[in-house]
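Written below as structure tokens is the structure these notes are about.
Residue numbers (the numbering used here): 5 to 300.
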């Protein structure tokens with residue numbers, strides 16, 4: 005009897021393995037500006053001379069998360085390819101049991117595919133928001149058109165909007181990777197989550213960076229640490245949710261204000277009050293993707 009009690013006590017005081025935190029299904033949202041070594045448009049789109057190499061680096065950083073998470077007991081993965089045209093990840097390099105969300109438009113944007121069956125979410129390759137004076141390629145959804153995105157009066161980066169979408173489903177963000185400004189900004193919005201800083205920004209187009217190999221190693225280590233730690237609370241925005249979007253030019257706000265459910269607080273800003281963050285996400289997708297010349 006005593007030996008049985010001691011055996012039980014030993015089990016209770018042993019260090020908790022990663023898998024015992026209960027994460028079995030993981031959602032990964034992958035952007036590109038925060039990937040190790042990225043500093044300019046040369047790495048970020050099909051016209052850049054380094055793009056093909058950095059597509060591979062992006063894919064390998066996602067793989068670093070998957071490999072470390074699988075070793076910790078995670079069994080299901082969905083990856084949202086969330087940069088540019090949404091067709092950046094090299095599918096042939098991913099494991100056969102991993103599924104990928106590609107291209108646009110999609111109602112939940114960079115978080116398309118997430119639902120309440122996921123245990124946690126990870127942000128890979130994220131960047132700082134458009135109002136942040138620091139950060140490599142800092143912008144929020146559109147560097148060409150937007151100067152601010154606010155939720156309930158607070159400026160947020162893409163990571164803030166995306167964490168709120170995850171929070172709607174009760175899913176916490178457990179790790180964000182990117183430059184120092186990006187990691188700090190996401191933490192400022194949603195709380196002290198694990199971070200993997202793979203570069204340190206000097207400006208919009210400059211940084212001190214790890215090598216891709218070192219970046220992958222760090223991301224794998226931080227993934228393991230995030231899965232071993234107690235899961236943070238989901239970032240939840242109770243409805244209704246007020247969205248303010250400020251454009252660089254005044255005509256988009258003028259035209260959008262013709263919609264009866266859109267206000268125009270100033271010449272460059274539109275306001276939409278949605279019942280929840282999912283409705284806000286759909287409105288964001290509309291204003292960022294609609295074009296009257298869309299075909300077919």
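Ideal placement from N, C-alpha and C gives every residue a C-beta, glycine not left out.
Check, Outcome
"Coarse secondary structure for residue 245, derived from DSSP in three states", "strand"
"Between the CA atoms of residue 156 and residue 170 - distance to the nearest angstrom", "17 angstroms"
"Residue 292 - DSSP class collapsed to helix/strand/coil", "helix"
"Span of the beta strand (DSSP E), counted from its first residue to its last, around residue 252", "Neither: residue 252 is in no beta strand (DSSP E) and is coded neither H nor E."
"Assumed close pair residue 2, residue 183 - CB separation to whole angstroms, cut-off 8 angstroms", "Outside the modelled stretch of the chain, which goes from 5 to 300, sits residue 2, for which no answer is possible."
"Simplified DSSP assignment, three categories, for residue 205", "strand"
"Cβ contact (3+ pairs, closer than 8 angstroms) linking the stretch 56-76 and the stretch 97-104", "yes"
"Between the CA atoms of residue 266 and residue 233 - distance to the nearest angstrom", "42 angstroms"
"Rounded separation between residue 87 and residue 196 - CA only", "25 angstroms"
"Coil, strand or helix - residue 285 by DSSP", "helix"
"C-beta contact flag for residue 106 and residue 85 at 8 angstroms", "yes"
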